[in-house]
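Worksheet: the structure to be examined is printed underneath.
2 protein chains.
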Amino acid sequence: MEQHISSAFERDLEGIQAQIMKMGGLIEAAIRDAAKSLATHDVELAERVRDGDAAVDALEDMLNDEAARVIALRAPTAIDLRVILSVMRMSANLERIGDLAKNMAKRTGILIEMPEIGGAAKSLRRMSREVEAMLKDALDAHIQRDEALARDVIARDLDVDQLYNTLFRELLTFMLEDPRNITPCMHLHFIAKNIERMGDHVTSIAEQVVFLTSGTRPGDVRAKSDRTSCDPAFSTPVAARDV
Amino acid sequence: MEQHISSAFERDLEGIQAQIMKMGGLIEAAIRDAAKSLATHDVELAERVRDGDAAVDALEDMLNDEAARVIALRAPTAIDLRVILSVMRMSANLERIGDLAKNMAKRTGILIEMPEIGGAAKSLRRMSREVEAMLKDALDAHIQRDEALARDVIARDLDVDQLYNTLFRELLTFMLEDPRNITPCMHLHFIAKNIERMGDHVTSIAEQVVFLTSGTRPGDVRAKSDRTSCDPAFSTPVAARDV
């Protein structure tokens, strides 16, 4: 990979890479704006996030069509093919993150009608900032073929999971304190879970980068994730204890 | 597509199709067993579902490697390439469904320690049966290139969403009735959401089938889904009203 002879294939691949970076930029903005619309009760911004998702979907379709065209036309070598197939997977992950951001923005209009829940908005903002930074780094790692950075992104997903688990506990406490908190907490929990899933998709992108740069699947480096299904703290019926 | 000359490519493709059907069979069983383990409090069965997921992941890796090999070796035509790329996407959807089934099974051990919540277990069983049937039909539609059946699967996802929305309301009511229900309801809600997401992935498989058989993306036939973010019934703070 030291010497590059710029072939027709490479020019095509550059075009595809440019598209994935464009998609990535839109998705970073969608995460940021969705979180901001929630924090600042900005219904118009939320609306723009929802409307913007169509552009991402269109980009994904274009990227897939273009990738298929390049594969059919250029008959790339096994290694080049691996790059294209990985980029297609990345674009699918980005598209899913966009859906999740849209879903998040949808709840802005609902939550402003409800009582505010302690520091939940702040926690959500922190989670989404972390995911946004991870996404930026994952895409940088892809372009710069930086395996170490990609592995760093994978490791940071544990922080997001940790933030999620902490918030889940907090929400439970608020629900127990006052039944009027139950409905807003359910919505906030949805949002938290959405951000946590965005983190999983970013991790999946970073895993593709590790696979492309090292040839091995990171597989088991990625411990998992949503601890509410196995942490004993969540298995004791807190409600029975506290109320 | 009337006359088939059995080429090396077609034999390879058949191998890949056989693998996807094998994956599909494992996933159908995983959905069924995960739901059964919840309904019958069968912790050992839940354990088997969790352990079985590794086999699905391995099949997906194999399928991707094989698909990449076939593309590189046979340089398929644009149409044949589209089939392979679609099958790769389907396998990614199946893998995600497997993860969701595993996640669902993980909660069996927790829920048996908690108070039972009305008809929730029954509703979950019904949802998961519907998703399992949809998956079976989506895979049949793929093998038989049956566009009508694939479109039928896409339409049926709305029933799953409806079941989910109803259950969401029920869970809110139970939480308001007795705070001791909050923790189990949060877990049940996770499970319901997981099944609803399985339905989305099955729909995505069916959409691939429509794309392959008709050449067009079904796109907007698929209304969306989780109504708790836009249904006015969920936007009024029920808690404030009822308690």
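If you read the protein sequences in the order shown, they are chains A and B. Quick note on numbering: the first sequence equals residues 0 to 242 in numbering that gives the first Met the number 0. Quick note on numbering: the second sequence equals residues 0 to 242 in numbering that gives the first Met the number 0. Idealized CB from N, CA, C, for every residue including glycine. None of these values were measured; they are calculated from a predicted model.
Chain B contact residues for residue i, given Cβ-Cβ distances below 7 Å
| i | result |
| --- | --- |
| L175 of chain A | P178, I181 |
| I70 of chain A | I70, L80 |
Separation of residue j from residue i, as counted between CA atoms
| i | j | result |
| --- | --- | --- |
| R31 of chain A | R124 of chain A | 9 Å |
| A53 of chain B | P114 of chain A | 43 Å |
| D50 of chain A | L166 of chain B | 29 Å |
| E9 of chain A | S213 of chain A | 20 Å |
| V86 of chain A | R179 of chain B | 47 Å |
| Q16 of chain A | E65 of chain A | 11 Å |
| K135 of chain B | I19 of chain A | 34 Å |
| A104 of chain A | R128 of chain A | 15 Å |
| S203 of chain B | R88 of chain B | 9 Å |
| D243 of chain A | F189 of chain B | As shown, chain A starts at 0 and ends at 242. That puts residue 243 of chain A outside it, with no answer to give. |
| D177 of chain A | D151 of chain A | 40 Å |
| N63 of chain B | R68 of chain A | 19 Å |
| E193 of chain B | M61 of chain A | Before going on, a small fix: residue 193 of chain B reads as Asn here, not Glu. When rounded, the distance between both Cα atoms is 30 Å. |
| G14 of chain A | A7 of chain A | 11 Å |
| R144 of chain A | I109 of chain B | 42 Å |
Short Cβ contact (8 Å threshold) for residue i with residue j
| i | j | result |
| --- | --- | --- |
| A91 of chain A | A91 of chain B | yes |
| T107 of chain A | H200 of chain A | no |
| A120 of chain A | A38 of chain A | yes |
| V130 of chain A | G198 of chain A | yes |
| I26 of chain A | I96 of chain A | yes |
| I153 of chain A | P217 of chain A | yes |
| V42 of chain A | A29 of chain A | no |
Closest by C-alpha distance to residue i, when choosing among the options
| i | options | result |
| --- | --- | --- |
| G117 of chain B | B:R10, B:R47, B:L171, B:S85 | B:L171 |
| V159 of chain B | B:A191, B:E169, B:M174, B:V42 | B:A191 |
| L80 of chain B | B:D11, B:Y163, B:M20 | B:D11 |
| I243 of chain B | B:I96, B:I153, B:S36, B:K21 | For residue 243 of chain B there is no data in the structure shown, the boundaries of chain B being 0 and 242. |
| L157 of chain A | A:I181, A:R128, A:E195, A:M185 | A:E195 |
| F210 of chain B | B:L84, B:M61, B:L72 | B:L84 |
| A33 of chain A | A:S122, A:I153, A:N102, A:A67 | A:N102 |
| T215 of chain A | A:H186, A:E146, A:D151 | A:E146 |
| I78 of chain A | B:E94, B:I70, B:T76, B:I78 | B:I70 |
| L93 of chain B | B:K105, B:A67, B:L72, B:D56 | B:D56 |
| Q161 of chain B | B:D60, B:L62, B:M126 | B:M126 |
Beta-carbon separation (whole angstroms), residue i vs residue j, contact threshold 8 Å
| i | j | result |
| --- | --- | --- |
| M133 of chain A | R168 of chain A | At roughly 23 Å, the Cβ-Cβ gap does not stay under 8 Å, so M133 of chain A and R168 of chain A are not in contact. |
| A137 of chain A | A205 of chain A | 4 Å |
| V208 of chain A | A140 of chain A | 5 Å |
| M174 of chain A | I181 of chain B | 5 Å |
| L72 of chain B | K21 of chain B | Not quite, the Cβ-Cβ distance comes to about 22 Å (not below 8 Å), so this is no contact. |
Partners in chain A for residue i, counting only beta-carbon separations shorter than 7 Å
| i | result |
| --- | --- |
| R81 of chain B | A67 |
| A74 of chain B | A74 |
| L84 of chain B | A67 |
Amino acids of chain A, ordered along the chain, whose beta-carbon sits closer than 9 Å to that of residue i
| i | result |
| --- | --- |
| A91 of chain B | R88, A91 |
Neighbour list for residue i in chain A, Cβ cutoff strictly below 8 Å
| i | result |
| --- | --- |
| L157 of chain B | Residues of chain A passing the Cβ test: none, with the nearest at roughly 17 Å. |
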